[in-house]
Amino acid sequence: MKVAVLANLKQNAPTWPGMSPDQWDDLDSWSTIQAITAALESAGHSVVFLEGDTTLYNNIQAVKPDICFNLTEGHFGDSREAQVPAILEMLQIPYTGSRVLTLALALDKPMTKRVLTYHDLPTPAFQVFERPDEPLDPSLKFPLFAKPSREGTGMGVSAESIVHTEAQLRTQINKIFERYNQPALVEHYIEGREITVGMVGNLTAPVARRLPEDEDAPRIVRGLHFFPPLEVDFNAYPTEEAGLYTNRIKVELVDTFYYLCPAPLTPEQIEDLNWLAAATFRVMGCRDVSRVDFRLDANDNNKPYILEINPLPGLNPGYSDLCIEATAGGWTYEQLINRILDEAIERYELRNRHNSAAKTPRFSGR
Ligand SMILES: Nc1ncnc2c1ncn2[C@@H]1O[C@H](COP(=O)(O)OP(=O)(O)O)[C@@H](O)[C@H]1O
Ligand SMILES: [Mg+2]
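Residue 11 is where the sequence shown starts when you use my numbering, and the numbers rise one by one after that.
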């Protein structure tokens, strides 16, 4: 098939005087695009790369791909990860991964937490601050953790994110307003181990539509393949990182990433985490691939808390969490990339359409 790989490259991103140095830390590098292209070509596809910016609307109609491999994070706006998928839907062009609503929702951490809370899935208690003088909810107890509501790649996360006093809290909130120009998410600080669980696949009907705690099917994860969980090895990092997966670790120190994969967990712990990851995938409406970040509360018997879901996880073969996990699970990079594509091809029923003369549009996917 003709596959268009869509991404926002760091080298193509807009710049302006005074922009924050971490502004484009979550965008892709050319080496990731080359690796994905090679992986797709190894499966017999023909591949074109297109930048996912304002040029895309015309370029994609000229290229006319059968399907897109979507990695676009977007540049501007509070639903930026959903913008390219929205254009693709308008043009009825199939694409890999989660759809518009899910991508917009997952980029917004407070919205994600509201959905998780509604389904009784464990996520740290929280409050969103939109103004510097909003009173702190008395049910929230220090230490707290303050981060931007809609960033990724550890942006805005450092040792100072852990706050012990009201004064520290106000300082952090103000920094987030100034630097990221968005609401601050303040959560209970979860002291403990950090685990991330990656998966590919799709929940298959009818379980895909069931609530997580369905009486008849309490722990169904059918259709999803889980990779071995990855633990960030905080012992290997300077104490300045404070046991957090900071922007510094994710960007500056990426070449010396210390992790344990598979994470040393019991089979019961892994089953719990996989099920929580599947439940998060389900209630958020994810497709094809995702990674869920957890902290295990050292002060409460390692109780797992969901921090966020990443429906567009990094796919750099050298250092992205999901790729490390797939390798630990015995998969090649080619298998990982082509499984993501094949999941989407299946959802859109493209194989039949591709082979038959009458290409009836069945855009809706599933
Ligand atoms: N409530 C919390 N308690 C403890 N650490 C946290 C909490 N929230 C975030 N962190 C730390 O900050 C990192 C980044 O937070 P996360 O919500 O996963 O955002 P990102 O999108 O930047 O990955 C986490 O991997 C974790 O180390
Ligand atoms: Mg994260």
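For every residue, glycine included, the Cβ atom is placed at its ideal position computed from N, Cα and C.
Taking the Cβ atom as the reference point for each residue, do residue i and residue j lie within a distance shorter than 8 angstroms?
{"i": "Glu204", "j": "Tyr268", "result": "no"}
{"i": "Asn212", "j": "Arg357", "result": "yes"}
{"i": "Ile183", "j": "Pro153", "result": "no"}
{"i": "Asn68", "j": "Tyr105", "result": "no"}
{"i": "Val58", "j": "Glu51", "result": "no"}
{"i": "Asn348", "j": "Ala96", "result": "no"}
{"i": "Glu241", "j": "Leu270", "result": "yes"}
{"i": "Lys123", "j": "Phe136", "result": "yes"}
{"i": "Glu83", "j": "Leu115", "result": "no"}
{"i": "Ile316", "j": "Thr290", "result": "yes"}
{"i": "Arg141", "j": "Gly166", "result": "no"}
{"i": "Trp34", "j": "Ala23", "result": "yes"}
{"i": "Glu251", "j": "Ala169", "result": "yes"}
{"i": "Gly208", "j": "Asp88", "result": "no"}
{"i": "Val94", "j": "Leu117", "result": "no"}
{"i": "Gly328", "j": "Lys260", "result": "no"}
{"i": "Val210", "j": "His174", "result": "no"}
{"i": "Gly202", "j": "Asn312", "result": "yes"}
{"i": "Glu176", "j": "Leu150", "result": "no"}
{"i": "Pro314", "j": "Pro272", "result": "no"}
{"i": "His198", "j": "Pro148", "result": "no"}
{"i": "Gln113", "j": "Glu61", "result": "The question names Gln, but residue 113 in the sequence shown is Leu. Against a cut-off of 8 angstroms, the Cβ pair of Glu61 and Leu113 comes out as no contact."}
Let me check you understand the geometry: is the CB of residue i closer than 7 angstroms to at least one non-hydrogen atom of ligand 1?
{"i": "Lys20", "result": "no"}
{"i": "Pro134", "result": "yes"}
{"i": "His384", "result": "Any property of residue 384 remains undetermined from this structure, which presents the chain solely from 11 to 376."}
{"i": "Gly324", "result": "no"}
{"i": "Ile200", "result": "yes"}
{"i": "Phe59", "result": "no"}
{"i": "Glu161", "result": "yes"}
{"i": "Phe152", "result": "no"}
{"i": "Tyr255", "result": "yes"}
{"i": "Val167", "result": "yes"}
{"i": "Gly164", "result": "yes"}
{"i": "Phe139", "result": "no"}
{"i": "Glu335", "result": "no"}
{"i": "Glu144", "result": "no"}
{"i": "Glu356", "result": "no"}
{"i": "Lys157", "result": "yes"}
{"i": "Glu250", "result": "no"}
{"i": "Glu241", "result": "no"}
{"i": "Lys119", "result": "yes"}
{"i": "Glu170", "result": "no"}
{"i": "Glu197", "result": "yes"}
{"i": "Glu204", "result": "yes"}
With hydrogens ignored, establish whether the beta-carbon of residue i is closer than 7 angstroms to any heavy atom of ligand 2.
{"i": "Asp303", "result": "yes"}
{"i": "Glu344", "result": "no"}
{"i": "Glu318", "result": "yes"}
Can you check whether the C-beta of residue i is within less than 8 angstroms of a C-beta belonging to chain B?
{"i": "Asp32", "result": "Within the model displayed, chain B is absent; a lone protein chain is all it includes."}
Quick one: what's residue i bridged to in DSSP?
{"i": "Arg377", "result": "No answer is possible for residue 377: the residues shown for the chain start at 11 and end at 376."}
{"i": "Lys157", "result": "Leu195"}
{"i": "Lys12", "result": "Ser56"}
{"i": "Ala174", "result": "The sequence given here has His at residue 174, not Ala. Paired residue(s): none; His174 is not in a bridge."}
{"i": "Arg301", "result": "Gly208, Asn320"}
{"i": "Tyr269", "result": "Val242"}
{"i": "Ala287", "result": "In the DSSP output, where bridge partners are listed per residue, Ala287 has none listed."}
{"i": "Asn80", "result": "Leu16"}
{"i": "Leu213", "result": "Answer is none; Leu213 lacks a bridge partner."}
{"i": "Phe187", "result": "Paired residue(s): none; Phe187 is not in a bridge."}
{"i": "Phe236", "result": "Met209"}
{"i": "Lys313", "result": "Asp307"}
- Item | the segment 317-331 in contact with the segment 286-301 per 3-pair CB rule at 8 angstroms | yes
- Could you pull out every unbroken beta strand (DSSP E) segment of at least 3 residues lying fully inside the segment 82-149, listed in chain order? 136-139
- Message: Under 8 angstroms, with one C-beta from each stretch per pair, do the segment 69-77 and the segment 13-20 reach the 3-pair mark?
- Response: yes
- Task: Inspect the CB distances between the segment 192-200 and the segment 157-164 and report whether three or more fall short of 8 angstroms.
- Result: yes
- Message: Extract the residue ranges of the alpha helix (DSSP H) inside the segment 339-367, only unbroken runs of 4 or more that lie entirely within it.
- Response: 343-357, 360-365
- Item | At least three beta-carbon pairs within less than 8 angstroms, the segment 288-298 to the segment 105-122 | yes
- Message: Ignoring anything shorter than 4 residues, give me the alpha helix (DSSP H) runs that lie fully in the segment 315-340, in order along the chain.
- Response: 331-338
- Message: Quick check on the DSSP output: what are the complete alpha helix (DSSP H) runs of length 4 or more inside the segment 22-68, in order along the chain?
- Response: 40-52
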